[in-house]
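Following: one structure in structure tokens, then a few remarks.
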Amino acid sequence: MSNGFSAIIAGGGFGGLAAATALAQRGWSVTIFERQAQLRAQGSGIYIWENGLRILDALGVKALAADAFHGRAMEQRDSSGRVLEPGELPPGIRLVTVDRSTLLASLKEAALAAGVQIRTGCEVLGASASGELQFAGARREQADLAIGADGVWSAVRRTLGLEQFHQQTDEGALRAIIPGTQKELGPNGQGKYLECWSGNRRLLITPLDAKRIYLALTCQTDDIRGKASPLDHGTWCESFPAWAHLIDRVEEVLPWAQYSIVKVRAWSAGHTALIGDAAHAQPPHLGQGGGMSMQTGLALAHYLEGLKDRRDIPARLAAWEAGERELAEHCQRWSCLYGEVSILPDEVRHRVLKHGFGDDWVRRQILRAAGSQPTGTRA
Ligand SMILES: Cc1cc2nc3c(=O)[nH]c(=O)nc-3n(C[C@H](O)[C@H](O)[C@H](O)COP(=O)(O)OP(=O)(O)OC[C@H]3O[C@@H](n4cnc5c(N)ncnc54)[C@H](O)[C@@H]3O)c2cc1C
């Protein structure tokens, strides 16, 4: 039933769709303005940790195919296949991989079912703190709440003057989905995600389902052959000879994507809020950027529950930030720290992975968001 309040959202990615659905399910009238001609996910596979799965459940999103891959370990290996750290996941923390387009389509379906309006081909040029989004031709839309869920280059963040910094890291990734089965990961590789290291390069091997494998090939910005697309098969097979049978199978690769780190002065100004990468973009090493986008989006709707007077929105947004920001930034910090491992010499990295990542306290920090109970989900 309608609660009489309205929200407008810039961006129909994971964060925007999660926030829109959660608000609409609580009675808000919600419209998403998406720049692309249709909702489209950029990327290939995506990791969803326990926290993300709980959020999808709370939103009523069915994104997992029957044969979606549930790994039991994130194993670290060197280029010769030697195991550096077995990375067994603790009981109670699930990790699943799906392809991005499936996740986005499922989120969209849930949003539409909740009554969200989605307008595509609408680029938001700016926002003001009064709950306003601005478009070409001096067109404006006004609501009780406006949300910038418009990703790392957020126009909403920029025009609200909330950006503290946006830094691009020296590392980035090529991504591809290839046909393949778990059997091809060898007798010791099945049921696992395999993170393999060679010099400053990394190959992340992730089964997606019974027939497909997602590969992420990461390297530094000055690695010209490494980041080339179409993929330079020869140079990657040289770095990871044990996986040449998979690398050789890459036909199409997404252009090298450099990672971003975003920090903002505040998550909102007046009646306008920022969620997801627009507020707290992080390198993908913990596989939590999308999870955190959905988490802050769902939490936002939760903190606005029971609202009676639109004048209370700024205070509710401040409470939301006070409750949620620390965890999002914890993830961001640990993801950045994890990324630094890639620039270590091989032998030093081996010791760091073994003694650092093998340490209980460190693992708890890395898995803290995954093991968290997202606000708005049931224990
Ligand atoms: C290589 C790589 C691997 C990753 N792997 C994982 C992973 O395994 N697990 C995980 O959880 N996260 C992962 N991430 C991070 C994840 O992709 C992001 O954190 C997530 O997509 C952020 O969601 P979002 O909704 O905030 O932003 P986005 O997904 O970027 O969505 C923003 C939306 O806004 C639209 N938009 C942009 N500007 C405008 C505008 N001006 N007006 C209107 N619309 C606009 C865009 O078209 C887009 O649809 C990875 C990232 C990278 C780079």
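In the working numbering, the protein residues as written are 332 to 710.
Glycine residues also receive a C-beta, built at the ideal position from the N, C-alpha and C atoms.
If you check the CB distance, G511 and R543 come in under 8 Å. In this structure, DSSP gives S432 a helical state, which the three-state scheme calls helix.
For H633, the enclosing alpha helix (DSSP H) starts and ends at G620 to Y634.
A contact between stretches requires three or more CB pairs, one per stretch, nearer than 8 Å, and the segment 463-482 fails this requirement with the segment 567-586.
Closest in alpha carbon position to A646, among L635, E655 and R656, is L635. For the pair L491 and T603, the CB atoms are nearer than the 8 Å cut-off. Around the CB of A710, fewer than 16 other CB atoms lie within 10 Å, so the residue is classed as exposed. Contact between T352 and L390 holds: their C-beta atoms lie close to 5 Å from each other, under 8 Å. DSSP places H497 outside any alpha helix (DSSP H); the residue lies instead in the beta strand (DSSP E), whose first and last residues are E494 to P510.
Between the beta-carbon of S337 and that of A541 there is about 44 Å, and that puts the pair past the 8 Å contact cut. Counting along the chain, W528 sits inside the beta strand (DSSP E) bounded by residues K523 to S529.
Apart from the 5 residues on each side of it in sequence, H633 sits with its Cβ closer than 6 Å to the Cβ of T706 and G707 in its chain, given in chain order. Setting aside the 5 residues that flank it on each side, R403 is surrounded in the same chain by E419, L420, G522 and K523, each with a C-beta closer than 8 Å to its C-beta; the list follows chain order. Per DSSP, the beta bridge partners of M405 are Y524.
Cβ-Cβ separation between V427 and A399: approximately 5 Å, consistent with a contact (criterion under 8 Å). Of all alpha-carbon atoms in I555, L443, R596 and H686, the one lying nearest the alpha-carbon of P417 is that of H686. Of the other Cβ atoms in all chains shown, fewer than 16 fall within 10 Å of the Cβ of N519; this residue is therefore exposed. Classified as exposed, R556 has fewer than 16 neighbouring CB atoms from the shown chains inside 10 Å of its CB. The beta carbon of A394 lies closer than 7 Å to those of L387, V429, T433, L434 and S437 in the same chain, with the five residues before and after it left out. Excluding the 5 residues flanking it on each side, Q499 has same chain C-beta neighbours closer than 6 Å at Q589 and S591, in chain order. With respect to the 8 Å criterion, S375 and R533 are not classified as neighbours on the basis of their beta carbons. Taking the Cα of M405 as reference, the smallest distance to any Cα among I424, G637 and L577 is reached at I424.
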